[in-house]
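So the sequence shown is numbered by our numbering: it starts at 1 and just counts up by one.
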Amino acid sequence: MGKVREEEMDLLSESRIEEDLLRNVNWSKKFKIWFGFLTVLLIVCLWFYIQQLRKGLGITGMHDIVSWGIYISNFVFFIAASLIGMLISSVMGMIGYKWIKPISRIAEIIAVAFALVAGIVIITDMGRPDRLHHLVLYGRIQSPIIWDIAVVITYLALSLLLLYIPLIPDISLCNDKLTGLPKFQQKMYKVLSLGWAGNEAQYKTIKRYFQILLIVIIPVALAIHTVTSWLFAMTLRTGWDSPIFGPYFVSGAFVAGCAAVIIAMYFIQRNYMLQDYITDMHFDRMGKLLVLVSLVYVYFNINEIIVPAYKFKPTEIKHIGNLLYGHDSVLFWLVQAGGLIIPFMLLMIPKMRKPLPSMLISVVILVAAWFKRYVIVVPTQLEPYMPIQNMPESYHSYTPTIPEIAITVGTLVMVLMVITILTKLFPVVSVWEMKEELLQENQS
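What follows is the structure, encoded as structure tokens:
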């Protein structure tokens, strides 16, 4: 009788897991209001992009000196945030940290959303997007731009697979358990579940392919931000001509990505009532992880300044001076203090690693991460490698215009829309992995 009772309790626990984790898969009124707001905002931003297409890039603040503005800053930022899927799912998953299981899918969703929109961001910087295919037809294999396109597409494809393959059992569960769904959603679940029957052989197959993906995506994920850094480092421009840009960009990407995951964890936990699965322990450990990657990033930031300052080359010392005490100094120090030093010190305090404080700190870090990309991209271009005579006064500075800001907001809205749709179509915490963990605990 005791054994029968234990099995009944296990069944009740599994039923509760299904109920809790399938709760978010619906088209609630709150979702419709939120998604409607995002849609209206995106339409307004698209209107500005249409104006840019009609009138050209002349309506932006970019000019002959600053030809890469906030659009390229957006691209680098989105690529950075997308790297977290690899760090959480692949590296920590292979090490064997079981505590990441409830948040690994959130990290993968963020990776897919940011990587997908990063590809779109590049199009916003093109005066003639109708000639995008020329990059493929006539691109030079020697150009880092071609390498970047190839690695972004590869990383996006692998990220989609990393998200999709562990989703198959849960998609089948949605197809079997959820009722009253729109017909398109039911058909989608049926197709995407691939005839899943839930037998042991299928679980072994999924785990085997998932492990292969975990290994394959690590070099690709490192390559995506390394190659992106080469767009800058392969030039002779002061501030960009650096051999450490690859690891520098990767470490910065981990900081931005960790902050993005913590923010998503907070709102998903609160809105979908997942406090039993995404706990204070997860916020505490993500806060510690953020401290660790921030420490690495601080190291590269120090190297970025000390090495050129010590060499005292005229062009480099002028650029460093502008960052430390010149016209870009306020933004530079706000980024360093607000995005690294102060958050690092706060997260060392255990109380600051609770859900709300860690989320607020992560918001500051993520905003600072975007401005850091701006500091990397724009100020360097205002220091031409060769002196230019009779340069117009307006070329001595760069100020984003309203269309640029609106289009930037539009790209962020697209990220939020992708994340929102994915979290409403699929369980954000793996149901079958939670059941498996419950079974292992009961057996032990």
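Note that the Cβ used here is the ideal one computed from N, Cα and C, for glycine as well. Given the structure is predicted, the values throughout are model-derived calculations rather than measurements.
What residue does the alpha helix (DSSP H) around residue i start on, and which one ends it?
i                 : result
aspartate 64      : Run containing aspartate 64: none; DSSP gives neither H nor E here.
asparagine 303    : 280–311
tyrosine 203      : 200–233
methionine 265    : 245–271
histidine 396     : Note, histidine 396: premise wrong, no alpha helix (DSSP H); not H, not E.
phenylalanine 426 : That residue, phenylalanine 426, is in no alpha helix (DSSP H); it is neither H nor E in DSSP.
aspartate 148     : 144–164
aspartate 176     : 168–177
leucine 347       : 342–347
For residue i, does the three-state DSSP call read helix, strand or coil?
i                : result
glycine 195      : coil
lysine 98        : helix
glutamate 383    : coil
leucine 412      : helix
histidine 327    : coil
phenylalanine 75 : helix
glycine 2        : Note on glycine 2: pLDDT 43, under 50, position unreliable in the model; the coordinate value appears next. The answer is helix: DSSP assigns glycine 2 an H, G or I state.
glycine 93       : helix
glutamine 389    : coil
tryptophan 27    : coil
lysine 190       : helix
serine 82        : helix
aspartate 10     : Residue placement at aspartate 10 is poorly supported in this model, since its pLDDT is 48, which falls under 50; the coordinates still yield a value, given next. Looking at aspartate 10 - three-state DSSP - the assignment turns out to be helix.
serine 362       : helix
glutamine 275    : coil
arginine 105     : helix
valine 44        : helix
Rounded to whole angstroms, how far is the Cβ of residue i from the Cβ of residue j, which I believe are closer than 8 Å?
i                 : j              : result
glycine 287       : serine 358     : 5 Å
glycine 56        : methionine 62  : Rounded, the Cβ-Cβ distance is 11 Å, inconsistent with contact.
valine 428        : arginine 23    : Valine 428 to arginine 23, Cβ: 10 Å. No contact.
arginine 237      : tyrosine 385   : 6 Å
valine 364        : glycine 326    : That belief does not hold up - the Cβ atoms of valine 364 and glycine 326 are roughly 24 Å apart, past 8 Å.
isoleucine 109    : isoleucine 419 : 6 Å
threonine 124     : proline 403    : Contact doesn't hold; Cβ gap of about 10 Å is too wide.
aspartate 276     : aspartate 20   : 7 Å
isoleucine 224    : valine 151     : 5 Å
tryptophan 333    : proline 169    : Contact doesn't hold; Cβ gap of about 50 Å is too wide.
phenylalanine 426 : leucine 167    : 6 Å
Can you give me the Cβ contacts of residue i inside the same chain, cut-off strictly under 6 Å, excluding the 5 residues immediately before and after it?
i                 : result
methionine 434    : Ile17
serine 159        : Gly85, Ala111, Val112, Ala115
valine 117        : Phe78, Thr411, Met414, Val415
aspartate 284     : Arg353
tyrosine 395      : His63, Ile65
threonine 315     : Thr238
isoleucine 278    : Pro102, Met265, Gln269
isoleucine 172    : Going by the sequence as given, residue 172 is serine instead of isoleucine. Once the five neighbours on either side are set aside, the close Cβ partners of serine 172 are Ser193, Trp196.
threonine 401     : Thr60, Gly61
phenylalanine 300 : Tyr248, Ser251
Which same chain residues end up closer than 7 Å to residue i when comparing Cβ atoms and leaving out the 5 residues on each side of it in sequence?
i           : result
leucine 87  : Phe254, Gly257
leucine 161 : Leu213
cysteine 45 : Ala406, Ile407, Val409, Gly410, Val413
Report yes if the C-beta distance between residue i and residue j is below 8 Å; otherwise report no.
i                 : j                 : result
valine 76         : arginine 373      : yes
alanine 233       : phenylalanine 245 : yes
serine 13         : leucine 438       : yes
leucine 214       : serine 89         : yes
proline 343       : isoleucine 361    : yes
alanine 107       : alanine 369       : no
valine 66         : leucine 382       : yes
valine 121        : tyrosine 71       : yes
histidine 282     : isoleucine 103    : yes
tyrosine 452      : glycine 252       : Not covered by the structure: residue 452. The range shown for the chain is 1 to 444.
phenylalanine 371 : valine 335        : yes
tyrosine 155      : valine 220        : yes
Quick one: what's got a C-beta closer than 8 Å to residue i's C-beta in the same chain, skipping five residues either side?
i              : result
isoleucine 165 : Ile206, Tyr209, Phe210, Leu213
tyrosine 272   : Arg23, Asn24, Thr423, Val428
tryptophan 147 : Val227, Trp230
Could you check whether the Cβ of residue i sits closer than 8 Å to any Cβ belonging to chain B?
i           : result
tyrosine 49 : Of the chains in the structure shown, none is chain B; there is only one protein chain.
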